[in-house]
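Numbering (this note's numbering), first residue to last: 184 to 669. Positions of the beta carbon are idealized from the N, C-alpha and C atoms, including for glycine. Below is one structure, written out as structure tokens; the observations come after it.
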């Protein structure tokens with residue numbers, strides 16, 4: 184129950200703390216000591232993780248507010264802009280499936296097919312759905328975790344992939360890092376056995392440990408050739424997208440609740456009786472027939488009945504609320520929802536409404552996702568190498584492609600693609616640069632016969648040089664002579 188204000192809870196300590204250890208290697212002899220040293224950090228984080236995740240789901244302080252003046256009129260309106268923010272951030276990164284694309288200087292057809300097959304494996308493992316689940320945690324609480332496990336039901340001849348992707352809750356999962364070089368040393372999960380007894384399941388790069396009641400209950404080789412649980416931080420400070428604007432969310436809730444109180448108090452205004460007296464029976468009669476007859480008391484003057492009203496200025500309140508909401512969008516790096524004007528072009532709206540700024544903010548956080556994806560991919564490839572054995576590539580062979588807004592300004596992007604290819608940019612690099620396709624590798628492979636008949640594409644000698652050349656072309660020349668109106 185989030186009855187308490189988050190600022191009072193965290194006392195200025197924003198972001199999640201990182202668990203560090205000084206040991207060079209996790210062994211069965213020191214794992215209990217290491218776990219004892221870092222569990223306090225996790226327990227500290229868990230309080231805020233639970234608060235923020237419940238806040239995202241709608242459990243916000245406004246629902247528990249109390250009023251001293253006229254407590255019978257107490258509207259509790261929760262405009263859940265935290266959910267709006269988290270859904271937007273998760274959709275911005277994970278709304279389109281993350282794809283792996285070839286980055287080799289001289290990519291063979293076999294390598295391209297292998298990477299294509301790897302993408303198919305991830306599709307069969309429902310990686311897109313798991314990533315959306317991961318992105319929700321990542322944005323809401325500041326960090327998230329992805330576990331790569333072996334699929335117990337897999338067997339030769341079965342039509343299922345040999346691995347399974349699982350998103351554990353950050354409330355019972357964390358990763359311990361080396362204080363010397365920042366390298367992940369161990370993952371930890373708090374679990375319960377069939378009898379409800381708590382234990383810790385830990386993975387180092389080559390071993391697993393089961394710790395219960397301060398003792399190592401079991402340990403052995405983990406067989407993953409790495410830590411199978413990978414952290415996906417929202418940013419370097421593990422800041423949640425909710426906590427950076429939580430005071431604005433609370434203020435909007437308070438303003439909207441007070442506005443509803445103002446309307447209700449105006450409708451249920453007090454009655455003022457001047458130079459007259461009235462009893463309870465007369466008040467009931469007023470409520471029933473809606474009229475009243477009063478007499479003056481003595482010679483004190485004419486009797487009068489009036490209604491005490493003080494209506495809230497809704498227009499001014501809306502201006503103040505809109506100002507807070509717009510500032511919230513700026514801090515979050517989110518576009519606004521303003522309607523287009525008659526002369527607006529697609530690109531003008533894109534720039535004015537903040538979509539370009541939102542794109543730049545997303546790019547700042549992308550490297551953390553790509554780094555974590557590479558770690559997850561290594562575990563998956565290791566499982567495949569020991570089971571189906573039909574993929575023989577490494578993370579050095581491909582890059583992580585995060586696609587956003589693939590259909591926005593589609594005509595402009597199509598003209599950009601044509602412009603780059605005609606200026607002798609390799610078709611694969613042109614397809615990647617124009618951001619028109621979610622899986623540029625597959626598009627290139629499917630289009631290769633047609634591209635070869637039109638252009639002598641050949642092999643990419645230096646992909647980084649080609650990418651830089653394409654970007655320079657777009658900066659110095661305009662492939663489109665006029666903006667395309669939406």
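Secondary structure of residue 369, DSSP reduced to three states: strand
Assuming residue 308 and residue 348 form a contact by the criterion Cβ under 8 Å, report the distance between their Cβ atoms to the nearest whole angstrom. 5 Å
Quick one, are the C-beta atoms of residue 565 and residue 433 less than 7 Å apart? no
Assumed close pair residue 400, residue 393 - CB separation to whole angstroms, cut-off 8 Å: 4 Å
Curious, which full-length alpha helix (DSSP H) runs of at least 4 residues does the stretch 563-641 contain? 593-605, 610-616 and 623-637
Close-in-space but distant-in-sequence residues of the same chain around residue 285 (CB under 7 Å, 5 per side omitted): 294, 295, 298, 580, 581 and 624
Span separating the alpha-carbon of residue 240 from that of residue 512: 19 Å
I'd like the span of the alpha helix (DSSP H) that includes residue 341, first residue to last. No alpha helix (DSSP H) contains residue 341, which DSSP labels as neither H nor E.
Residues bridged to residue 416 by DSSP? 326
Decide yes or no for the touch test of the stretch 188-197 against the stretch 223-239: beta carbon pairs closer than 8 Å, at least 3 of them. yes
Taking the C-alpha atoms as reference points, what is the distance between residue 413 and residue 227? 20 Å
Taking all protein chains shown into account, do 16 or more other C-beta atoms lie within 10 angstroms of the C-beta of residue 636, making it buried, or fewer, making it exposed? exposed
Hey, out of 510, 317 and 244, whose CA is closest to residue 276's CA? 317
Got a sec, what are the start and stop residues for the alpha helix (DSSP H) residue 506 sits in? 497-515
Would the stretch 318-330 count as touching the stretch 414-422 if we require 3 or more Cβ pairs under 8 Å? yes
Other residues of its chain near residue 201: CB distance less than 8 Å, five sequence neighbours each side excluded: 224, 360 and 421
When you compare only the Cα positions, how much space is there between residue 265 and residue 603? 41 Å
According to DSSP, is residue 303 part of a helix, a strand, or is it coil? helix
Our contact map puts residue 612 next to residue 620 with C-beta atoms below 8 Å; I'd like the distance itself, whole angstroms only. Going by Cβ atoms, the distance from residue 612 to residue 620 rounds to 13 Å, so no, they are not a contact pair.
To the nearest angstrom, how far is it from the Cα of residue 431 to the Cα of residue 386? 40 Å
Count the other CB atoms, across all protein chains shown, that sit within 10 Å of the CB of residue 243; report buried if there are 16 or more and exposed otherwise. buried
Among residues of its own chain, excluding the 5 on either side of residue 665, which ones have a beta-carbon nearer than 7 Å to its beta-carbon? The predicted position of residue 665 is uncertain, since its pLDDT is 44 and thus under 50; a value taken from the coordinates is nonetheless stated next. Excluding sequence neighbours, residue 665 sits near nothing in its chain.
For residue 235, which of helix, strand or coil comes out of DSSP? helix
Buried versus exposed call for residue 548 [16 or more other C-beta atoms within 10 Å across all chains shown]: buried
Whole-angstrom C-beta distance between residue 373 and residue 355, which should lie under 8 Å: 4 Å
Closest by C-alpha distance to residue 333, when choosing among 278, 563 and 368: 563
From which residue to which residue does the beta strand (DSSP E) around residue 393 run? 390-395
Between the alpha carbons of residue 306 and residue 343, how many angstroms are there, rounded? 11 Å
Confirm, please, whether the CB-CB distance from residue 203 to residue 370 is below 7 Å. no
Give the single residue among 378, 320, 379 and 338 whose Cα lies nearest to the Cα of residue 350. 320
May I ask you to report which of helix, strand or coil DSSP gives residue 348? strand
Can you tell me whether residue 593 is buried or exposed, with buried defined as 16 or more other CB within 10 angstroms of its CB? exposed
Length of the line joining the Cα atoms of residue 515 and residue 423: 10 Å
Please confirm whether residue 438 and residue 504 have their CB atoms less than 7 Å apart. yes
Quick one: what does DSSP say residue 333 is sitting in, helix, strand or coil? strand
Same chain only: Cβ atoms within 7 Å of residue 606, ignoring 5 sequence neighbours per side: 656
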